[in-house]
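*Asks:* Okay, so the sequence shown: first residue is 1320 according to my numbering, each after it adds one. The C-beta atom is built at its ideal place from N, Cα and C for all residues, glycine as well.
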Amino acid sequence: MAKTASKTKKTPAKAKPVARAKAAPSGARKALKKATAKPVVKAKKPAKPVAKAKSVVRAKSVVKGKSVAKSVAKGKPAAKSTPKPVAKKLAPKKTVGKVAAKPIADIIKAGKWVYSFGGGKAEGKAGLRDLLGGKGANLAEMANLGLPVPPGFTIPTSVCVYYYANDKTYPKDLQAQVEKALAAVGKITGKGFGDPKNPLLVSVRSGARASMPGMMDTVLNLGLNDTTVEALAELSGDKRFAYDSYRRFITMYSDVVMGFEHHHFEDILDTYKDSKGYTLDTDLDGDDWVALVAKYKDAVARETGKEFPQDPHEQLWGAVGAVFSSWMNARAITYRRLHDIPESWGTAVSVQAMVFGNMGDTSATGVAFTRNPSTGESKLYGEFLINAQGEDVVAGIRTPQDITEYARKESGSDRLSMEAAMPEAFAELTRIYTQLEKHYRDMQDMEFTVEQGRLWMLQTRNGKRTAKASIRIAVELANEGVISQQDAVTRIDPASLDQLLHPTIDPAANRDIIATGLPASPGAASGEIVFSSEEAAKLQADGRDVILVRIETSPEDIHGMHAAEGILTTRGGMTSHAAVVARGMGKPCVSGCGTIRVDYGRGTMTIGDRSFKAGDIITIDGSIGQVLAGRMPMIEPELSGEFNTLMGWADKVRKLKVRVNGDTPQDARTAIKFGAEGIGLCRTEHMFFEETRIRTVREMILAEDEQSRRAALAKLLPMQRADFVELFEIMKGLPVTIRLLDPPLHEFLPHTQAEVEEVARAMNTDPRKLADRARDLAEFNPMLGFRGCRLAIAYPEIAEMQARALFEAAIEAGKRTGELVGLEVMVPLIATKMEFDLTKARIDATAASVLKETGGKLTYSVGTMIELPRACLMAGEIAETAEFFSFGTNDLTQTTFGISRDDAGSFLGTYIAKGILPIDPFISVDRGGVGELVKIGVERGRKTRPNIKVGICGEHGGDPASVAFCHEIGLDYVSCSPYRVPIARLAAAQAALGKEISSQA
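1) Would you call the CB atoms of residue 1905 and residue 1897 closer than 9 angstroms?
2) Taking the continuous alpha helix (DSSP H) assigned at residue 1759, which residues delimit it?
3) So, using beta-carbon positions, are residue 2297 and residue 1828 closer together than 9 angstroms?
4) Counting C-beta neighbours from all protein chains within 10 Å, is the total for residue 1759 16 or more, i.e. buried, or is it exposed?
5) Note down, one range per segment and in chain order, each beta strand (DSSP E) of at least 3 residues found wholly within the stretch 1806-1878.
6) Any idea which residues DSSP pairs residue 1567 with across the strands?
7) Return the bridge partner residues of residue 1646 from the DSSP annotation.
8) If you drop the 5 nearest sequence neighbours on each side, which residues of the same chain put their C-beta closer than 7 angstroms to that of residue 1497?
9) For a minimum of 4 consecutive residues, which ranges assigned as the alpha helix (DSSP H) are wholly contained in the stretch 2227-2278?
10) Could you check which residue in 2257, 2081, 2128 has the C-alpha nearest to that of residue 2051?
11) Compute the beta-carbon to beta-carbon distance between residue 2207 and residue 2272, rounded to the nearest angstrom, for a pair I have assumed lies under 8 angstroms.
12) Determine the direct distance from the alpha carbon of residue 1812 to that of residue 2230, and round the result to whole angstroms.
13) Kindly indicate the opening and closing residues of the beta strand (DSSP E) around residue 1497.
14) Put residue 2057 into one of helix, strand or coil per three-state DSSP.
15) Helix, strand or coil: how does DSSP classify residue 1526 here?
16) Does the distance from the C-beta atom of residue 1540 to that of residue 1564 stay below 9 angstroms?
17) To the nearest angstrom, report how far apart residue 2092 and residue 2021 are at their CA atoms.
18) Using C-beta distances below 7 angstroms, list every residue in its chain close to residue 1986, excluding the 5 sequence neighbours before and after it, in chain order.
19) Leaving out five residues before and five after residue 2085 in sequence, what residues of the same chain have Cβ atoms less than 7 angstroms from its Cβ?
20) To the nearest angstrom, report how far apart residue 1732 and residue 1725 are at their CA atoms.
21) Just to confirm, are residue 1936 and residue 1946 a CB contact at a threshold of 9 angstroms?
22) If you follow the beta strand (DSSP E) that residue 1989 is part of, which residue opens it and which one closes it?
23) Roughly how far, in whole angstroms, is the beta-carbon of residue 2204 from the beta-carbon of residue 2194, given that I think they are within contact range, below 8 angstroms?
24) Run through DSSP, which three-state label would residue 1518 get?
25) Look at the alpha carbon of residue 2186 and the alpha carbon of residue 1972, and state the distance between them as a whole number of angstroms.
26) CA-CA distance, residue 1982 and residue 2057?
27) Which residue's Cα is closest to the Cα of residue 1291: 1823, 1475, 1803, 2012?
28) So, under 8 angstroms CB-CB, residue 1546 and residue 1522 are touching, yes? Tell me the CB distance rounded to an integer number of Å.
29) Buried or exposed: which applies to residue 1934, given that a residue is buried once 16 or more other Cβ atoms fall within 10 Å of its Cβ?
30) For the beta strand (DSSP E) containing residue 1686, name the first residue and the last one.
31) Let me confirm a value: residue 1307 is counted as buried when at least 16 other C-beta atoms fall within 10 Å, else exposed. Which label applies?
32) Do residue 1909 and residue 1883 have their C-beta atoms closer together than 9 angstroms?
33) Among residues of its own chain, excluding the 5 on either side of residue 2113, which ones have a beta-carbon nearer than 8 angstroms to its beta-carbon?
34) Note down, in chain order, each residue of its chain lying with its Cβ closer than 6 angstroms to the Cβ of residue 1509, except the 5 sequence neighbours on either side.
35) Which term fits residue 2219, buried or exposed, when burial requires 16 or more other beta carbons within 10 angstroms of its beta carbon?
Dropping the structure here:
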């Protein structure tokens, strides 16, 4: 008898609060939304969650154990925090698409708090992202490239660290350095900050090292007051423009800095328009805005008890403080928690000379991508608005126009494209986008303004994109020679592949289309209508699928968007907040569906004469922008050629094999399609739960003697054999690990009186007697009770039946396919070698009998599932007879922590929020405890049997960080659910390339 055998294969310190950071005033900051965002840079170690919005940034560094806050307080440079990596580096880390950043400690000059840019040069560069934030670093880089960037300066993240460590105060030299930098900006522009005749106006924007779109605060047009607004009117020759800019500044500054929320100004504006009979904002002339500015200032003074500040310097420091405070606002905290961004990073603040897109028909503002962020197509993509400021593009108040003629024709729009309306500025944008993509070696997301015909670049960053686009862009850049194949592999977030693997609407289904909007984020979803983020989160917690329906979303809706299956908005374009965030989350989204009327008060959405209320089921198709009534049938996705190309590149470099946890033929077929290299766990008990079999299983369990039990098992044998034959045929010689019956018997017992009577009739016994027997078998703690190998030892006939079904099926499948089945029989839940040996003896004896009876060919191995701490510690002894190990990390986590996975929800969130646990250990392997036990098991097992095959088969097998851990400790394979097979393949490749992978927990 042939036996299978595998080839031999060779925290930072806890921070203490220093100062409480009061959250910035909340409110409707719709004007502050950012159109797009770079894919989030994952923390090397998940961020320590923040329990309350009033928690503070505590900058701790593990560099020599010194606190960043303390070093900054002494005027010394802040050291870059170096969290313990999730995965050990096994090869030099690849630098992909950007300049490698040096540690902050190496680049900060002592006492330097301001970094200027503009006039074709800058003190910063792209490699200083950790210090200057993404925005500041890229502004500096564009300035160094000689691109048209309005001059300005960046206050680095080290000041934010200092700010929170020192009771929200600033370093003593900061003010003087800011004044000097302002003077330099004035020299370049020919204007003066606060100059009553030729004023310099600036924007104040946040910019952390990881993109956090719309999560923190921004102020535009800063420097305007009652005097400088008149100068702006005279210089521009446009009173309406000047006072429109002033009222925008008052609205933003009052909301962000003074806590007087945006909606108050909207109410004043609506009342004024009604009194004048106006419909649109564009109906207002200069005198109207003058009157409204007075009303705005009166309202601020009345409601806050403070006059709106007229001193530009007071305005500037108020805005800088508000941006730093917004690092700790509720939505920023939520975003960091969802994207594993450490609180200790802090944010930078960039102050930049204003350029105006709202100075008439020769001015505009827009957002552009060098490639399509939804599909990855290599064409300039984006939107712009003539005579508008940046926030208008994403606020949803006006419908943006296409940038290119190609896109305009595709959308069927009759409005001028930028290419047609502003050909010179468009040509300059085309030149610049080509230069930026080549320089950064990645798709860029750019913000720009055209001021009276002149193009200005306000920002560039690696663009946020869908998983589909991400793969196409990476593969095409590699094929173009811009990046290497290995770069392409490391650029894709493995978890994002999940977006590609979910069902879409069956094209054969009848579609009851109720509305059509913009296809903002691909994919389809069905669910109950909800009109608030709070309701979305509540229903999702109850296990219900919801579609979040909003007039427009704002950063305050992030928790609702996270909870929803999909998002539908009536306003906003392809670069609106809803579109950008949904694409980043992998959620379907339809935006700008203007035919829908949403009434929050009544809880309804109306399209013509059709009305839908909260709780009604709808479906959205984010790929084509349709909204449909009812729940639509879905089909499996077709994976692109680029997907297969990328996975082929990944397979070339990975060391770990990837198998599937599959119990059914459908699981096996799906897994083969996704590239699985075998079955790592087939749970035979799942075959017993079918309605036609459960009664026979209950007869077997409730039998009072071996004879009765064998009679029931004889009925089950052909059922199991047929299941295994089909499974083996599908796998065509690939290894298949079959676990013997594992769950506690109580899971199969009849629970209702009707079920008891049904089984009693089949067994020809008294129902009352049968009920007593069922009660005798009930357990108080079944997870640690009569299950696993304990069943095989107490009732060896069960193991014999399953082994016979396996061996007969393997021989039959081998005859049909012409290939020997790679059968691996796994004994579950052993704690001692004797348990394994007793069970293995029964299996081997059954194999000998089947071979003798059939004369067939058979190859198999017998191993065990290591899922108890004792088994890990005794692995050396167990390996004397076990031919493979498969670590069942689900139960190993439960038994190591003493936590029931089914009951952990009641307190695990609190543990993570309080920092007791950094991550959910059921999602990502706990390296220090569970991971250490696995390492011990592997080392001791291989010491006894050097060629023992070792893998894991818990759900951790599909978590990228856990896959990296498995690569690090030298496992042979991981096994995961079918739809996570591609994720594991890519994560294994990235681990082999030395990329540090963060947990998805």
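*Replies:* The structure says:
1) Between residue 1905 and residue 1897, the gap from beta carbon to beta carbon reaches 9 angstroms or more.
2) Segment 1742-1759, the alpha helix (DSSP H) holding residue 1759.
3) Cβ atoms of residue 2297 and residue 1828: not closer than 9 angstroms.
4) Around the beta carbon of residue 1759, 16 or more other beta carbons sit within 10 angstroms, so the residue counts as buried.
5) For secondary structure counted as the beta strand (DSSP E) over 3 or more consecutive residues, the stretch 1806-1878 holds these complete runs in sequence order: 1832-1835, 1837-1840, 1843-1849, 1865-1869.
6) Its beta-bridge partners do not exist; DSSP assigns none.
7) Bridge partners of residue 1646: none, in fact.
8) Excluding positions up to five away in sequence, the list reads 1433.
9) Listed in chain order, they are 2227-2232, 2251-2263.
10) 2128 is the residue among 2257, 2081, 2128 whose C-alpha sits nearest the C-alpha of residue 2051.
11) So it is a contact: roughly 6 angstroms between Cβ atoms.
12) Inter-residue distance for residue 2230 and residue 1812 is about 27 angstroms (C-alpha atoms, whole angstroms).
13) Looking at the DSSP string, residue 1497 is not in any beta strand (DSSP E); the run it does join, the alpha helix (DSSP H), is 1493-1508.
14) In the structure shown, residue 2057 adopts extended strand secondary structure according to DSSP, grouped into three states.
15) DSSP, reduced to helix, strand and coil, places residue 1526 within a strand of the structure shown.
16) It is a contact, given that the beta carbons lie within the stated cut-off.
17) C-alpha separation (whole angstroms): 7 angstroms.
18) Hits under 7 angstroms: 1979, 2297.
19) Excluding sequence positions up to five before and after residue 2085, its CB lies within less than 7 angstroms of the CB of 2079, all in the same chain and listed in chain order.
20) A straight-line Cα-Cα distance of about 11 angstroms links residue 1732 and residue 1725.
21) Contact flag unset, no.
22) Unbroken run through residue 1989 is the alpha helix (DSSP H), 1984-1992; no beta strand (DSSP E).
23) Confirmed, Cβ separation roughly 7 angstroms.
24) In the three-state reduction of the DSSP assignment, residue 1518 falls in the strand class.
25) Rounded to whole angstroms, residue 2186 to residue 1972 spans 30 angstroms at the Cα level.
26) Residue 1982 and residue 2057: Cα-Cα distance of roughly 9 angstroms.
27) Since the first residue of the chain shown is 1320 and the last is 2320, residue 1291 is not available in this structure.
28) In fact, because the Cβ distance is near 20 angstroms, the residues do not count as touching under 8 angstroms.
29) Exposed, by the Cβ-count rule.
30) Under the DSSP assignment, residue 1686 falls in the beta strand (DSSP E) whose first and last residues are 1683-1688.
31) Given a span of 1320 to 2320 for the chain in the structure shown, any question on residue 1307 remains unanswerable.
32) Not closer than 9 angstroms, so no.
33) Around residue 2113: 2105.
34) Close CB contacts of residue 1509 within its chain, under the 6 angstroms cut and outside five residues either way in sequence, are absent.
35) So residue 2219 ends up on the exposed side.
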